[in-house]
Amino acid sequence: MASPVPVAPDPVTSADARLALAEQLLACDTARACAEAVVAWLPRHAQAVASACLAREEPGGRMGCLAAKGLSDAQHTALKAWSDDDVSHPLADVLAQAAPRFFPSARAPLPSPGPGGLLAVPLGRPGSPPVGLLLVWASGPTPPPEVAWVAGSVGPFLARQATSGPLGASGSALFRRIIDAVTDPVLLTDLEGRPRLANARAEALLVAHPDASHGRRRAVHLNQRVFSTAVASTASGGVPGLSWREIPLVDPVEGLDLLFELVSTRVYEPDGREAMVSVLRNVTDLGRATQALGESYRRLRATEREARSERHRLDRVLDSVADPIILSDPSGGTVMMNEPAEKLFTLPLDGGRAAQRRVRTNHATFASFLANLLDGGSNLRWRGQLSLMDPASGDTLPVEAVASKVLGDSGELTGIVTLFRDRGEALAKARLLERLKEVSTLLEARVQVATAELAEQNEKLRRQAIQLEQASAAKSQFLANMSHEFRTPLNAILGYTNMLLQGVSGELTPPQKRNLARIDSNGRHLLEVINEILDITRIEAGRMPLHLSDFGIPELLHEVMAEMDPIIARSKLTVSTQLGAKLPPVHSDRQKVKQIVLNLLSNALKFTHEGGVKVLAEYAPSTSMLTICVEDSGIGIDPAYQQKIFEDFQQVDSSPTRAYGGTGLGLSICRRLADMLGGRVSLQSTPGQGSTFTLHFPRRPRRT
Amino acid sequence: MTNPSPNLKPLVLVVDDYDDAREMYAEYLEFSGFRVAQARNGQEALDQAFALTPDIILMDLSLPIIDGWEATRRLKNDDRTRAIPVVALTGHAMTGQSDEAKGAGCDSFVTKPCLPDELVAEVRHILAQRGVAVSH
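For the protein sequence lines, the chains are A and B, in the order given.
Oh and the first sequence: position 441 is 440 in numbering that gives the first Met the number 0, straight run, nothing missing.
Oh and the second sequence: position 58 is 57 in numbering that gives the first Met the number 0, straight run, nothing missing.
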């Protein structure tokens, strides 16, 4: 609150003027009064065009213009806009440097009316941070001479105002000492929370020393805001009497967070204005203790929760085990059991007296088992076969129980865990295994018998094979020998007949010649039969190997025709050959092919009386097969015999009185020879119209 | 080969232990204009061959004492008889016998039964190859 400023008489001389200002300043009890005195003095005695004094009206307040003279509107506005919070402003820099600076008009931080510059001088106690600024606009480029003196005079006054506040100078020293002695901060404030009186402890928290560091001032500023807000809200709350609340403040020196209990009470000042008396009590430690208590309580709860969930998990783990588990205390009492154990040792919901009795029996069985570990012996584990009963069904349950002692840290018995394993399944498995073994043994024996039989059979077969082989070889040898024995006399018979017919022994009569010719013909037939039997024997004995060579079909057919020419000439039949286009050279057994064709052609001639015989050779590139057909217009073959004629000694008419000669072995030899070539002989025939025999054989023998 | 007596008819040595066959061929050969010597086994065949040096030998292979193969081998290993052609005669028509006969040194191979005129045709054929004059 501003006091009326006494009007000083205009001094005549500089020394007088200075003295007058000094007296005036001494009389001032507010910063604003000091500022007004200074700005009034300066234009008169220091050739200043205009001046302004910037300071905090009350401790901790905002630095603002307390008094000004000669300022234009623009300069006023600019000054109002300025704040010492704006640290980038040149004037803030002057405060920070704590040294006067002259700004020439062109670079002045505030509007300058004339050619002169702006002199900014920091105000305060020498050696302490400035508490205000003196701004003087000079008429010329040099600072007015009296400004330095004025600044030096007014600085300490303003500094004192900033420290002690409006009441500082006027409070009773005794009262001051009394409240300063109170260790808790005590303040008298207006209803807005602005301090009017503060004891030393309160000042430490809420008043910044002008020489305090920036950090401390920030802390104080923060404290002021928190405190004033709290007080103002208490004041506006309208609650009569004491009001209690907690406010967090900062220790400006240590920077620690503190917690205060604020007790405010509304009082009336002597001048009748309402004010607030506030007492702050440091409850930081109490708060911390409470907090620590809360923390440990919270931890306790967490631990408890954890323990509970641990127990829960354990329960679930135990329940998930399919085998019954029981945890007993050191005296044998059941502490807990899992679900499978409950089925055995607790009464089912719908259990009757029988179930009750069975559960009791199970308990008794278990207790006597457990007694083995509870007798104080040193056994840590006990294993036993128990026979329990299913309470629901009454079935006997053979189980194996394993009980283990649970020892504490110091080795004392804290509990016993018993695990039951169902032996019923194991027993059943063992029985099954036994049965399986029996069956397996039986099977093995059978397999052995079968194997032995098989081996015996194999041996028999092997012997039979050898015997057969020997028999076959013997047969072949026999036939070969027989053939020799046949040939030797036959050679003589045919030879002498031949000689007689040639007239070696003289001329013969026609009947003699006719009879000799019959001997000759029958001898030849006999030779033919012997030769063919020999052929079959050789084929079957595997003694007629393939002799493969390259040859042409046309040449082969030509040869056949030449050999058959005498018979063809006698038969009076038309015999023709027809060669297909592009007959390739053949890689086969030439002798066997020829023998087959000879045989087929000789048959055709034998069974054909009129018409002709055609021999056709063709090649089918798609199958690489050659065909040689012998087509006759003979008597034909009844379908019923078409298969049979390829068998040994078979003709359509096999009776001794048959009309056609031949051994009946020709086609069966053809069939065997064709087989050897990898081919076959086929037949198409219609009785009375003729037959077509066809030899099919591959151009090259297929690998087997 | 040079016949020791070029004016004489060719001499054929017929070797066979079966009398009827041997004599039959001998008779027909003589009938056909050859001189004929006979042997009944391999040993006789060798003796006759060394003694007479025939123009050609008809050798049955199944012979007592020394068989036809062995006799042929010995004849072919002897400088005196090496050049005489040997025609093997056999009643065994099994495949392989002709190869075996050729291996023993036989120049030709004839399977019995062989008619006398066919055999004489074979003899004439071989002698003609050797440049021996054969009368008809």
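C-beta atoms are modelled at their ideal positions from N, C-alpha and C, and glycine is treated no differently.
As the structure is a computational prediction, the values presented were derived from the model and not from experiment.
Nearest to Trp381 (chain A) by CA position, among A:Leu369, A:Leu348, A:Arg537, is which residue? For this step, residue 381 (chain A) is matched to residue 382 along the first sequence. Nearest C-alpha to Trp381 (chain A): A:Leu369.
Just list the residues that DSSP pairs Tyr267 (chain A) with in beta bridges. Residue mapping note: residue 267 (chain A) aligns to position 268 of the first sequence, counting from 1. Note: Tyr267 (chain A) sits in a beta bridge opposite A:Glu273.
List, in order along the chain, the chain B residues whose C-beta lies closer than 7 Å to that of Ala491 (chain A)? Here the question's residue 491 (chain A) lines up with position 492 in the first sequence. The contact set of Ala491 (chain A) on chain B, defined by CB atoms closer than 7 Å, consists of Asp19, Ala20, Met23 in chain order.
Show which residues of chain A have a CB atom less than 8 Å away from the CB atom of Leu114 (chain B). Residue numbering aside, residue 114 (chain B) sits at position 115 when the second sequence is read from its first letter. Neighbours of Leu114 (chain B) on chain A, chain order: Leu493, Gly494, Asn497.
Let me confirm a value: His44 (chain A) is counted as buried when at least 16 other C-beta atoms fall within 10 Å, else exposed. Which label applies? In the first sequence, counting from the first residue as 1, residue 44 (chain A) sits at position 45. By the 10 Å Cβ count, His44 (chain A) comes out buried.
Could you tell me the alpha carbon to alpha carbon distance between Ala291 (chain A) and Asp92 (chain A), rounded to whole angstroms? On the first sequence, position 292 is the one that residue 291 (chain A) refers to. On the first sequence, position 93 is the one that residue 92 (chain A) refers to. Cα to Cα, Ala291 (chain A) sits roughly 46 Å from Asp92 (chain A).
Taking 8 Å as the cut-off, decide whether the C-beta atoms of Glu191 (chain A) and Ala147 (chain A) are in contact. What you label residue 191 (chain A) is simply residue 192 of the first sequence in a count that begins at 1. What you label residue 147 (chain A) is simply residue 148 of the first sequence in a count that begins at 1. No, Cβ-Cβ distance for Glu191 (chain A) and Ala147 (chain A) is not below 8 Å.
Per the contact definition of three or more C-beta pairs closer than 8 Å, is the region 106 to 123 of chain B in contact with the region 489 to 503 of chain A? Using a Cβ-Cβ distance cut-off of 8 Å, the region 489 to 503 of chain A and the region 106 to 123 of chain B are in contact, since at least three pairs of beta carbons, one from each stretch, lie closer than that value.
Interfacial residues, the region 498 to 512 of chain A to chain B, with Cβ spacing under 7 Å: Listed by position, the residues of the region 498 to 512 of chain A near chain B (Cβ gap below 7 Å) are Met498, Gln501, Val503.
Starting from Met543 (chain A), follow its DSSP beta bridges and name the residues at the other end. Looking up residue 543 (chain A) in the first sequence gives position 544. DSSP output for Met543 (chain A) lists no bridge partner at all.
Quick one: residues in its chain with C-beta nearer than 6 Å to the C-beta of Leu7 (chain B), no 5 flanking neighbours on either side, listed in chain order? Looking up residue 7 (chain B) in the second sequence gives position 8. No residues qualify anywhere along the chain.
Exposed unless 16 or more other CB atoms sit within 10 angstroms - verdict on Lys571 (chain A): The residue you call residue 571 (chain A) lines up with position 572 of the first sequence. The residue in question, Lys571 (chain A), is exposed, as its Cβ has fewer than 16 Cβ neighbours within 10 Å.
Cβ-based neighbour list, Leu666 (chain A), same chain, cut-off 6 Å, excluding 5 preceding and 5 following: The sequence position of residue 666 (chain A) within the first sequence is 667, counting from 1. Cβ within range, chain order: Ile644, Phe645.
Helix, strand or coil at Glu253 (chain A) according to DSSP, with G and I counted as helix: Counted from its first residue, the first sequence places residue 253 (chain A) at position 254. Of the three classes helix, strand and coil, the one that applies to Glu253 (chain A) here is coil, per DSSP.
How would you call Tyr27 (chain B), buried or exposed, if buried means at least 16 neighbouring beta carbons within 10 angstroms? One-based indexing of the second sequence puts residue 27 (chain B) at position 28. Buried.
Over the uninterrupted beta strand (DSSP E) stretch that includes His213 (chain A), give me the two end residues. Along the first sequence, read from residue 1 onward, the residue named residue 213 (chain A) stands at position 214. From DSSP, His213 (chain A) is part of no beta strand (DSSP E) but of the alpha helix (DSSP H) over 213 to 236.
By how many angstroms is the C-alpha of Asn598 (chain A) removed from the C-alpha of Thr576 (chain A)? By one-based count along the first sequence, residue 576 (chain A) stands at place 577. By one-based count along the first sequence, residue 598 (chain A) stands at place 599. C-alpha separation (whole angstroms): 16 Å.
DSSP three-state call for Ala207 (chain A): helix, strand or coil? Translated into positions along the first sequence, residue 207 (chain A) becomes position 208. It is coil, neither helix nor strand.
Three-state secondary structure assigned by DSSP to His608 (chain A): On the first sequence, residue 608 (chain A) is found 609 positions in, with the first residue counted as 1. In this structure, DSSP gives His608 (chain A) a state outside helix and strand, which the three-state scheme calls coil.
Compare the beta carbon distance of Ser50 (chain A) and Ala32 (chain A) with 8 Å and say whether it is the shorter of the two. The sequence position of residue 50 (chain A) within the first sequence is 51, counting from 1. The sequence position of residue 32 (chain A) within the first sequence is 33, counting from 1. Not in contact: Ser50 (chain A) and Ala32 (chain A) (Cβ atoms no closer than 8 Å).
Supposed close pair Leu257 (chain A), Val266 (chain A) - CB separation, criterion 8 Å: As a working note, residue 257 (chain A) is residue 258 in the first sequence. As a working note, residue 266 (chain A) is residue 267 in the first sequence. About 25 Å separates the beta carbons of Leu257 (chain A) and Val266 (chain A), which is beyond the 8 Å limit, so they are not a contact pair.
At least 3 beta-carbon pairs within less than 8 Å: the region 442 to 459 of chain A vs the region 48 to 60 of chain B: With a cut-off of 8 Å, the region 48 to 60 of chain B and the region 442 to 459 of chain A do not count as touching, because too few Cβ pairs lie within range.
Name, in chain order, the residues that DSSP records as bridge partners for Met336 (chain A). As a first step, residue 336 (chain A) must be located in the first sequence, where it is residue number 337. Note: Met336 (chain A) sits in a beta bridge opposite A:Ile325.
For Ala168 (chain A), count the other beta carbons within 10 Å of its own beta carbon; 16 or more makes it buried, fewer makes it exposed. Which is it? To locate residue 168 (chain A), count along the first sequence from 1; it is residue 169. Residue confidence for Ala168 (chain A) is low, a pLDDT of 41 falling below 50, so the modelled location carries little weight and cannot support an answer.
Where Arg486 (chain A) meets chain B, residues with beta-carbon distance less than 8 Å: For the purposes of this step, residue 486 (chain A) is taken as the residue at position 487 of the first sequence. At a C-beta separation below 8 Å, Arg486 (chain A) has these neighbours in chain B: Gly90, Ala92, Lys111, Pro112.
Out of A:Leu533, A:Leu261, A:Leu442, A:Gln590, point me to the one whose CA is closest to Leu556 (chain A)'s CA. Translated into the one-based positions of the first sequence, residue 556 (chain A) becomes position 557. Ranking the options by Cα distance to Leu556 (chain A), first place goes to A:Gln590.
Inter-residue CB distance, Leu526 (chain A) and Leu489 (chain A) (contact presumed, cutoff 8 Å): Start at 1 with the first residue of the first sequence, and residue 526 (chain A) comes out as number 527. Start at 1 with the first residue of the first sequence, and residue 489 (chain A) comes out as number 490. Right, their Cβ atoms sit about 6 Å apart.
What does the Cβ neighbour count give for Thr302 (chain A), buried or exposed, with the cut at 16 atoms within 10 Å? In the first sequence, the residue the question calls residue 302 (chain A) occupies position 303. So Thr302 (chain A) counts as exposed.
Measuring straight from C-alpha to C-alpha, what distance separates Thr450 (chain A) and Val398 (chain A)? By one-based count along the first sequence, residue 450 (chain A) stands at place 451. By one-based count along the first sequence, residue 398 (chain A) stands at place 399. C-alpha separation (whole angstroms): 45 Å.
Please state whether DSSP places Thr395 (chain A) in a helix, a strand or coil. For the purposes of this step, residue 395 (chain A) is taken as residue 396 along the first sequence, with counting starting at 1. Taken through DSSP and simplified to helix, strand or coil, Thr395 (chain A) comes out as strand.
Following the continuous beta strand (DSSP E) through Ala628 (chain A), name the residue where it begins and the one where it ends. In the first sequence, the residue the question calls residue 628 (chain A) occupies position 629. Note that residue 628 (chain A) is Cys in the sequence shown, not Ala. 624 to 631 is the extent of the beta strand (DSSP E) around Cys628 (chain A).
Among the residues of its own chain, which have a CB less than 6 Å from the CB of Trp40 (chain A), if the five just before and after it don't count? The residue labelled residue 40 (chain A) in the question sits at position 41 within the first sequence. Leu20.
Can you name the start and end residues of the beta strand (DSSP E) that Asp421 (chain A) belongs to? The residue given as residue 421 (chain A) occupies position 422 in the first sequence. Element bounds for Asp421 (chain A): 412 to 421.
Beta-carbon contacts of Leu713 (chain A) that lie in its chain and below 8 Å, excluding the five residues immediately before and after: Since the first residue of chain A shown is 0 and the last is 703, residue 713 (chain A) is not available in this structure.
Would you check if the region 469 to 479 of chain A and the region 522 to 538 of chain A touch, i.e. whether three or more CB-CB distances between them fall below 8 Å? With the cut-off at 8 Å, the region 522 to 538 of chain A and the region 469 to 479 of chain A touch.
Is the Cβ of Glu121 (chain B) closer than 8 Å to any Cβ of chain A? By one-based count along the second sequence, residue 121 (chain B) stands at place 122. With 8 Å as the cut-off, Glu121 (chain B) does not count as an interface residue toward chain A.
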